[in-house]
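Taking it in order: structure first as structure tokens, then the write-up.
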Amino acid sequence: MSSSSSLLIDEREEVMVTEKGYILKKTHFLKPSVTSINGVAELPLRHQRVSVSSTQLNRLSSRISFSGFWFSDAHFVSWLGKMEALHGNIWKKAGIFEAIKASTYNIIKNQTLILSVAEKWCPETKSFLFPFGEATITLEDVMLLLGFSVLGSPVFVPLES
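With the UniProt record's numbering applied, the sequence shown covers 1 to 161.
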């Protein structure tokens with residue numbers, strides 16, 4: 001394996017929280033990652049944040065449309081199977097195989113969950129403010145979770161200079 005500095009991720013031991021308590025575990029972090037809270041931006045005070053009441057949320061939910069959710073039909077899945085047989089190896093070499101296969105997954109829309117998470121959004125920090133702390137999802141997170149890569153290679157493959 002190549003040097004750690006050429007990878008998209010850092011691998012280090014960190015204390016992790018589990019259902020059973022704290023454990024020291026070798027973990028992967030996307031670069032750049034924070035190892036100290038020094039210099040971390042302050043969150044806006046609770047009374048300064050935009051807040052949406054449940055009444056407003058219910059009223060908004062009746063007017064919201066999530067057009068991004070779709071289900072791949074049997075014809076598409078069948079066609080994709082034929083294309084995979086012909087072009088699957090090329091897709092893998094190009095680093096797009098996982099993205100193409102992901103287009104066949106049926107993601108069930110849970111409007112209540114989406115609106116509940118949206119209620120925690122803080123436009124000032126561009127993050128979600130949960131009771132346990134601030135969190136956000138980045139493109140890098142999605143790439144790591146789904147195995148996609150901007151460079152066309154898996155995230156564990158060394159970068160070329």
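C-beta: ideal position from N, C-alpha, C; glycine also.
With distances taken from CA atoms, which of the options is nearest residue i?
| i | options | result |
| --- | --- | --- |
| K101 | L80, K109, I108 and S33 | L80 |
| K26 | S33, M16 and T35 | M16 |
| G95 | E14, E13, M143 and I114 | M143 |
| H28 | I9, I108 and I114 | I9 |
| A99 | F130, L145, D73 and K109 | L145 |
| L115 | S33, R12, R59 and F97 | R59 |
| T138 | S33, P131 and N110 | S33 |
| I107 | F130, T18, Y22 and W70 | W70 |
For residue i, which three-state DSSP category applies?
| i | result |
| --- | --- |
| G95 | coil |
| H28 | strand |
| Q111 | helix |
Per DSSP, which residues does residue i bridge with? Please list them.
| i | result |
| --- | --- |
| G133 | F130 |
| M16 | I23 |
| W121 | F128 |
Give every residue of the same chain whose Cβ lies closer than 8 Å to the Cβ of residue i, excluding the five residues on either side of it in the sequence, and list them in chain order.
| i | result |
| --- | --- |
| F128 | V117, K120, W121, C122, E134, A135 and T136 |
| E13 | L24, K25, K26 and T27 |
| W91 | E84, F97 and I100 |
Apart from the five residues just before and just after residue i, which ones in its own chain have a Cβ nearer than 7 Å to its Cβ?
| i | result |
| --- | --- |
| V77 | T104 |
| H75 | none |
Is any beta-carbon of chain C found at less than 8 Å from that of residue i?
| i | result |
| --- | --- |
| D10 | Among the chains in the structure shown there is no chain C, since it carries only a single protein chain. |
In its own chain, which residues sit with a C-beta less than 6 Å from the C-beta of residue i, not counting the 5 before and 5 after it?
| i | result |
| --- | --- |
| E11 | H28 |
If we count Cβ pairs, one from each stretch, closer than 8 Å, do we get three or more for the segment 113 to 124 versus the segment 78 to 90?
-> no
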